[in-house]
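Its first residue numbered 4, the sequence shown is counted upward by one per residue in the numbering used here.
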Amino acid sequence: MSHDHAHGSAGHDHTAGANQRSLKIAFGLTTVFLFVELVGGIVSQSLALISDAAHMFTDVAALAIALAAIRIAKRPADARRTFGYHRFEILAAAFNAMLLFGVAVYILYEAYLRIKAPPEIQSTAMLVIAVVGLLVNLVSMRVLQGGQESSLNVKGAYLEVWADMIGSVGVIVGAVILKFTGWAWVDSAVAILIGLWVVPRTWTLLKSSINILLEGVPEDVDMVELKKLLLAVPCVKSLHDLHVWAVTSGKSTLTVHLVTEPEVNVEKQVLPEVRRRLAETFGIHHITVQCELEPCGQTDEGDHFKSATAALAEEHDEKSHSHQGHEH
4 MSHDHAHGSA GHDHTAGANQ RSLKIAFGLT TVFLFVELVG GIVSQSLALI
54 SDAAHMFTDV AALAIALAAI RIAKRPADAR RTFGYHRFEI LAAAFNAMLL
104 FGVAVYILYE AYLRIKAPPE IQSTAMLVIA VVGLLVNLVS MRVLQGGQES
154 SLNVKGAYLE VWADMIGSVG VIVGAVILKF TGWAWVDSAV AILIGLWVVP
204 RTWTLLKSSI NILLEGVPED VDMVELKKLL LAVPCVKSLH DLHVWAVTSG
254 KSTLTVHLVT EPEVNVEKQV LPEVRRRLAE TFGIHHITVQ CELEPCGQTD
304 EGDHFKSATA ALAEEHDEKS HSHQGHEH
């Protein structure tokens, strides 16, 4: 029996540092403008502005939680949490998604009430504040763009700022229409559109977060291709007890049992090749491989996957036995 462990963390630490700087800049910009937009929405009586401010509030909350998550995730592993605190980032992303859902529902309800009894709205103030909000969102998006591919936590914050940017565009369009037509219902309609625009993207974030919390297979890993890759390693006859999950975004972990040829030196011939293929094809560096001469009790026949060579050899043996039986 042989085990192999491979780890890779330096790149993740560097990414976390860059993400933290980006989040701090976006947090500062968004917090300042939140108060401007909220006061402006109340003064101008614009629900579209208030709804945008509500989304801006979730932006601030998201960025604050994301920053806290990165700080907590930096804590080293200990005797109680051997994977460290990286999973906290995913909890933060899931919380942000649920927060956005709640805000969207509130805005839709408020818009419904206002359509029945539209208030007097100051379109000029609404327009000016929305333009400033758009500029703040664009700067924040630019700052966060680099980290959103490598961190689900940063992606959550980026999506909220992105949704808020769309909201600002909607408010600008609504303010222009309101200014030239006087149609008060346009303000509520824009607020409804903002709410409906956010929901599908929020669902995507929540689904990704839940998949990681349930230790599902990472979205960028194709299990069929992964099995083919492992079974194609020379001297590997079959595999079983294969598990792939992610502690947080970008930190996938794999464990597997491999049945190998009896004469092979697994430490020199099998394990380095497995490690290389997993790193190059799937970016998986944290692996545990157990090599065996026969499948252990950790599997059943339905979860036992054989290599093409082993399957052909087994088929040949069965035919030989069958042929010998007919001769007798």
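We treat Cβ as the ideally placed atom computed from N, Cα and C, and that holds for glycine. A quick note: this is a predicted structure, and the numbers were derived from the prediction, not measured.
Rounded to whole angstroms, what's the CA-CA distance from residue i to residue j? Just pull it up for me.
{"i": "L332", "j": "V135", "result": "As shown, the chain starts at 4 and ends at 331. That puts residue 332 outside it, with no answer to give."}
{"i": "G41", "j": "D62", "result": "Checking the displayed sequence, the identity of residue 41 turns out to be Leu instead of Gly. Near 13 Å, if we compare the C-alpha coordinates of D62 and L41."}
{"i": "D55", "j": "K27", "result": "21 Å"}
{"i": "A100", "j": "D244", "result": "33 Å"}
{"i": "L103", "j": "V201", "result": "8 Å"}
{"i": "A258", "j": "V157", "result": "According to the sequence as given, residue 258 is Thr; it is not Ala. So the alpha carbons of these two residues sit roughly 28 Å apart."}
{"i": "A114", "j": "V193", "result": "9 Å"}
{"i": "R279", "j": "R74", "result": "31 Å"}
{"i": "P298", "j": "V227", "result": "20 Å"}
{"i": "A133", "j": "L94", "result": "32 Å"}
{"i": "I290", "j": "Q272", "result": "16 Å"}
{"i": "I68", "j": "I197", "result": "23 Å"}
{"i": "M168", "j": "L137", "result": "6 Å"}
{"i": "Q293", "j": "V164", "result": "45 Å"}
{"i": "Y109", "j": "F36", "result": "21 Å"}
{"i": "A282", "j": "L141", "result": "35 Å"}
{"i": "D225", "j": "H246", "result": "12 Å"}
{"i": "L199", "j": "M129", "result": "21 Å"}
{"i": "G185", "j": "G219", "result": "52 Å"}
{"i": "T34", "j": "V139", "result": "10 Å"}
{"i": "V174", "j": "L234", "result": "56 Å"}
{"i": "D81", "j": "C238", "result": "37 Å"}
{"i": "E270", "j": "H288", "result": "17 Å"}
{"i": "F86", "j": "I213", "result": "18 Å"}
{"i": "L261", "j": "E295", "result": "6 Å"}
{"i": "L274", "j": "L70", "result": "38 Å"}
{"i": "E285", "j": "S143", "result": "A small correction: the amino acid at residue 285 is Phe; Glu does not occupy that position in the sequence shown. Roughly 31 Å between the two C-alpha positions."}
{"i": "S126", "j": "F60", "result": "22 Å"}
{"i": "K240", "j": "D223", "result": "26 Å"}
{"i": "V22", "j": "E266", "result": "The question names Val, but residue 22 is Asn in the sequence shown. Answer to the nearest angstrom: the Cα atoms are 48 Å apart."}
{"i": "V172", "j": "I195", "result": "14 Å"}
{"i": "P79", "j": "F38", "result": "37 Å"}
{"i": "Q148", "j": "R84", "result": "31 Å"}
{"i": "F98", "j": "L208", "result": "10 Å"}
{"i": "L111", "j": "A187", "result": "16 Å"}
{"i": "V131", "j": "V189", "result": "17 Å"}
{"i": "K77", "j": "I124", "result": "48 Å"}
The beta strand (DSSP E) that contains residue i, what's its start and end?
{"i": "A235", "result": "Neither: A235 is in no beta strand (DSSP E) and is coded neither H nor E."}
{"i": "E295", "result": "289-295"}
{"i": "F256", "result": "Reading off the sequence, residue 256 comes out as Thr, not Phe. Residues 255-263."}
Check this for me: beta carbons of residue i and residue j, under 8 Å apart or not?
{"i": "G203", "j": "S255", "result": "One detail in the question is off: residue 203 reads as Pro in this sequence, not Gly. Not closer than 8 Å, so no."}
{"i": "F308", "j": "K210", "result": "no"}
{"i": "R117", "j": "S49", "result": "no"}
{"i": "G159", "j": "A96", "result": "yes"}
{"i": "I215", "j": "A166", "result": "no"}
{"i": "V236", "j": "E264", "result": "no"}
{"i": "V176", "j": "S25", "result": "no"}
{"i": "A57", "j": "V106", "result": "yes"}
Buried or exposed: which applies to residue i, given that a residue is buried once 16 or more other Cβ atoms fall within 10 Å of its Cβ?
{"i": "A13", "result": "Note that A13 scores a pLDDT of 42, beneath 50, so its modelled location is shaky; the value from the coordinates is reported in the next line. Burial call: exposed."}
{"i": "L242", "result": "buried"}
{"i": "W206", "result": "exposed"}
{"i": "F30", "result": "buried"}
{"i": "A65", "result": "buried"}
{"i": "K119", "result": "exposed"}
{"i": "Y161", "result": "buried"}
{"i": "V46", "result": "exposed"}
{"i": "N268", "result": "exposed"}
{"i": "T251", "result": "buried"}
{"i": "G300", "result": "exposed"}
{"i": "L52", "result": "buried"}
{"i": "G11", "result": "Below a pLDDT of 50, predicted positions are generally treated as unreliable, and G11, at 43, falls in that range; the measurement from the model is reported next regardless. The residue is exposed, with fewer than 16 neighbouring Cβ atoms inside 10 Å."}
{"i": "G253", "result": "buried"}
{"i": "G170", "result": "buried"}
{"i": "L32", "result": "buried"}
{"i": "L217", "result": "exposed"}
In the DSSP assignment, the alpha helix (DSSP H) including residue i goes from what residue to what residue?
{"i": "T127", "result": "126-147"}
{"i": "L196", "result": "188-216"}
{"i": "F104", "result": "91-119"}
{"i": "V277", "result": "274-285"}
Counting only C-beta atoms, is residue i closer than 8 Å to chain B at any point?
{"i": "G253", "result": "As a matter of chain content, chain B is missing from the structure shown, which is built from one protein chain."}
(request) Say whether the segment 76-95 touches the segment 180-188, bearing in mind that this needs 3 or more beta-carbon pairs closer than 8 Å, one atom from each stretch. (result) no
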